[in-house]
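As structure tokens, the structure follows; a few thoughts come after it.
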Amino acid sequence: MESKAWNWSIADKTPWREPSKEVVGIAYRWKSKGFKEVIDYGCGLGRHSLFLSQMGFHVKGFDLSPEAVEETKKSMKEAGQVGEFKLGDIKKAPFEDGCADAILSFHVISHTDSKGISEVVNELHRLLVPGGEFFVDLCAKGEGFATDPRRRIDENTLVSDEPGPEQGIPHFYASKEQMKDLFRDFEILNLERVRAYVLDGKISSRDHFYLLGRKK
Ligand SMILES: C[S@@+](CC[C@H](N)C(=O)[O-])C[C@H]1O[C@@H](n2cnc3c(N)ncnc32)[C@H](O)[C@@H]1O
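Its first residue numbered 491, the sequence shown is counted upward by one per residue in this note's numbering.
This is the structure in structure tokens:
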């Protein structure tokens with residue numbers, strides 16, 4: 491299925507302006523490992539790009555939404571931070587092979603289908619140096635997946651047709667076994683299923699996987 495950016499012009503941007511606690515912890519890990527080059531893979535409004543840059547990383551990022559890329563550039567500039575931000579698709583990232591010590595992709599890479607997710611995983615592998623790490627999250631298949639009323643475009647992928655910032659955007663769901671298979675070329679450092687997390691100030695009932703991995 492063709493990729494589609496978030497429609498940020500109708501989104502409530504407030505919850506997407508402060509770095510999430512998961513990313514704060516990961517950033518301290520990467521700092522202690524001496525990583526320097528980080529990609530914010532689907533940077534949105536740039537909350538994590540700015541945070542990572544202020545921590546001393548050199549940050550590159552991209553997003554399919556022109557509005558998101560412009561906002562990221564603007565907030566970086568206003569904060570006196572320097573980075574490289576482009577328009578791009580998670581299935582074909584606009585950066586060269588082996589340019590990243592680490593890749594962060596938070597609430598982004600599930601925005602594809604069963605074919606697209608393999609392309610995304612290949613891109614993570616292509617961009618990282620050996621020993622480089624990534625932290626991503628993906629939608630987790632749960633009991634409700636089989637009866638979810640959203641439009642089903644393949645055995646793992648749902649599309650919401652409800653009006654909103656995610657209208658018409660695919661969401662790929664994985665089981666734990668599928669996660670392990672998808673990321674088989676990486677070393678899995680931590681794979682955890684998160685049953686409830688806070689988003690938009692509400693407790694989300696949709697499970698996610700958080701995955702920290704390393705390129706062998
Ligand atoms: C929920 S937001 C998360 C943004 C950011 N990572 C954060 O944590 O604030 C999802 C972002 O993924 C972007 N996105 C969706 N599909 C994409 C694709 N195929 N390629 C690149 N970006 C995409 C959207 O435009 C949106 O900015």
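C-beta atoms are modelled at their ideal positions from N, C-alpha and C, and glycine is treated no differently. This one's a predicted model, so the numbers in the text were calculated from it and none came from an experiment.
The alpha-carbon of L679 is positioned some 8 angstroms away from that of L701. Shortest gap from the CB of R640 to any heavy atom of ligand 1: 7 angstroms or more. Contact residues of ligand 1 (beta-carbon closer than 7 angstroms to any heavy atom; chain order) are S493, K494, A495, W496, W498, W506, S510, D530, G532, C533, G534, L535, R537, H538, F552, D553, L554, S555, A558, G578, D579, I580, K581, S595, F596, H597, V598, H601, T602, I659.
Taking the C-beta atoms as reference points, E512 is found no nearer than 8 angstroms to G536.
Taking each of K564, F541, L577, M545 in turn and checking the Cα distance to G551, the smallest one comes out for L577. Counting along the chain, no alpha helix (DSSP H) covers V528; the unbroken beta strand (DSSP E) around it starts and ends at 527-531. In terms of CA proximity to A636, T647 leads the group T602, T647, L628, H548.
Using a Cβ-Cβ distance cut-off of 8 angstroms, the stretch 627-644 and the stretch 583-592 are not in contact, since fewer than three pairs of beta carbons, one from each stretch, lie closer than that value.
Counting C-beta pairs with one atom in each stretch, the stretch 602-622 and the stretch 494-514 have fewer than three that are closer than 8 angstroms, which means they do not touch.
E623 and G515 have their C-alpha atoms roughly 14 angstroms apart. For the options Y663, S665, R640, the alpha carbon positioned closest to that of P653 is the one of R640. Note that the C-beta distance between K706 and A664 is not below 8 angstroms.
At the C-beta level, P660 and M491 come within 8 angstroms of one another. Taking the Cβ atoms as the reference, F547 lies roughly 4 angstroms from V528, within the contact range of under 8 angstroms. Rounded to whole angstroms, the gap between the alpha carbons of D603 and A558 is 22 angstroms. Assignment of beta-bridge partners to A664 by DSSP yields A630. V549 sits in a strand when the DSSP states are folded into three classes. Within the same chain, N497, S650, D651 come within 8 angstroms of Q657 by CB-CB distance, once the 5 residues on both sides are set aside.
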